[in-house]
Amino acid sequence: MTRESTYRVRSPGRVNLIGEHTDYTGGYVMPFATDLHTELEAAPSAAVEVASDAVETRYTFETDTLEPDDDWIDYIKGCYAILQDEGYDPGGFTGQLSATLPLGSGLSSSASLELAVMAFLNDAYDLGLSRERMARLSQRVENEYVGMSCGIMDQFAVALGRDDHALMIDTETLEYESVPIPEGIRVVVFHTGVSRELVDSAYNQRRETVESALEKLGAESSKVVSEEDLEDLPALERERLGFVVRENERVEQAKAALSDGNLERFGGLLLEAHRDIAEHYEASCAELDYVVETAVEEGAYGARLTGAGWGGAAIAVVDEDEAASFAESLTAAYREEFPDLEPATHLVTPSAGVRVERLD
Ligand code: GLA
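Note that the numbering used here has the sequence shown beginning at 37, numbered continuously upward.
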């Protein structure tokens, strides 16, 4: 019976408040799931046939033929490949995708799609997967099928987000705590319009560098490393892991600042994190630096790049009643500075993780 039903899945994106490039070192992160989301409306069927409102391509494949296409469909094929590897064998579906979440702009549209599909298959084919497990399997889709060596942050936030809360996650143990976002503030996402084409190779390189440093130190996680431990490392490894170690500390401090409702302190930590990642992790770019510094001049409590960096989006934390005019004036200043780029802003709200609704 279940198999003939239609389902609607709403899968959020994620914004990371603080804790960047720490999740592949077993460090701390503090993201939230966004109200911007991907929607999948789907009904079980033998093969997979899926179309998307955002891109005019429609794909059909059999679930035992999973060659990558080098396109968005790989996030779906990858779900089947990893589930099959784990001994599950869900059938196909006929589905339509739509999204309010902008694609490829650093708000985890890929994790959002993976979790939409995982959650649908989990319900429609009774796979019995927990949210944590779906997050881990979706990370494997990226790592093993798509070839992006990402950590667990995006998939975890998309799977386990909570309304009006951020999640502070220990990415080594996956223990996490919900951190309430104080009332009266708004997170503005500012997309720079800078495409992130080269991100994967830079990202994978950073990961290799810090992993090599951790191995030399015999450390399982960046949380147990302090800055003094870094002295004997090669210069580049010292530089990169140094950022990660300081970033872990900032996540803990940012959680405390949020809990105390100390927005000045919280904002100050965001700005410090941005300057540190720009200088010592070299994951920023001129456009992101401009947005962050201008946002603070325009009255934001704090601002920083969010996600992998090298383009994509920045966040600014501002008073709620000023958010719309803040976004407008930041956009005007940015357009003047970078007339060839197409920026976009979104006022986002921390929201619940992926959810599935049965329509009949
Ligand atoms: C990307 C990855 C995440 C994380 C961030 C940087 O979004 O998918 O796992 O590493 O970059 O913090």
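All C-beta atoms, glycine included, are put in the ideal place defined by N, C-alpha and C.
Predicted model only: the values in this text are computed from it and were never measured.
Which two residues bound the contiguous alpha helix (DSSP H) that contains residue i?
i, result
"tyrosine 43", "Tyrosine 43 -> not in any alpha helix (DSSP H); beta strand (DSSP E) instead, spanning 43 to 54."
"glycine 303", "299 to 312"
"glycine 338", "Not the alpha helix (DSSP H): glycine 338 falls in the beta strand (DSSP E), residues 338 to 342."
"phenylalanine 279", "271 to 295"
Buried or exposed for residue i, please, with buried defined as at least 16 other CB atoms from any protein chain shown within 10 angstroms of its CB.
i, result
"alanine 322", "exposed"
"threonine 342", "buried"
"threonine 38", "Below a pLDDT of 50, predicted positions are generally treated as unreliable, and threonine 38, at 47, falls in that range; no measurement from the model is reported."
"valine 91", "exposed"
"serine 47", "buried"
"glutamine 241", "exposed"
"serine 145", "buried"
"serine 88", "buried"
"proline 375", "exposed"
Using 7 Å as the cut-off, classify the Cβ of residue i as near or not near the heavy atoms of ligand 1, replying yes or no.
i, result
"glutamate 56", "yes"
"asparagine 52", "yes"
"glycine 343", "yes"
"cysteine 186", "yes"
"tyrosine 161", "no"
"aspartate 190", "yes"
"aspartate 59", "yes"
"serine 214", "no"
Please say whether residue j and residue i have beta carbons closer to each other than 8 Å?
i, j, result
"aspartate 227", "serine 365", "Looking at the sequence provided, one finds histidine at residue 227 rather than aspartate. Against a cut-off of 8 Å, the Cβ pair of serine 365 and histidine 227 comes out as no contact."
"serine 387", "threonine 70", "yes"
"valine 224", "isoleucine 351", "yes"
"tyrosine 326", "glutamate 300", "no"
"glycine 127", "serine 258", "no"
"threonine 207", "glycine 220", "no"
"threonine 245", "leucine 272", "yes"
In the DSSP assignment, find the unbroken beta strand (DSSP E) run with residue i in it and report its ends.
i, result
"methionine 204", "201 to 206"
"valine 177", "Segment: none, valine 177 is in no beta strand (DSSP E) and carries neither H nor E."
"arginine 242", "From DSSP, arginine 242 is part of no beta strand (DSSP E) but of the alpha helix (DSSP H) over 235 to 253."
"glutamate 333", "Not the beta strand (DSSP E): glutamate 333 falls in the alpha helix (DSSP H), residues 322 to 333."
"valine 225", "221 to 227"
"serine 214", "212 to 216"
"glutamate 393", "391 to 394"
"alanine 319", "Element bounds for alanine 319: n/a, residue is neither H nor E."
With a threshold of 7 Å, establish whether the CB of residue i neighbours any heavy atom of ligand 2.
i, result
"serine 144", "What this structure holds is ligand 1, not ligand 2."
3 or more residues per run - each beta strand (DSSP E) lying fully within the stretch 66 to 142: 84 to 88, 94 to 97, 128 to 135
Whole runs of the beta strand (DSSP E) within the stretch 359 to 383, excluding any shorter than 3 residues: none
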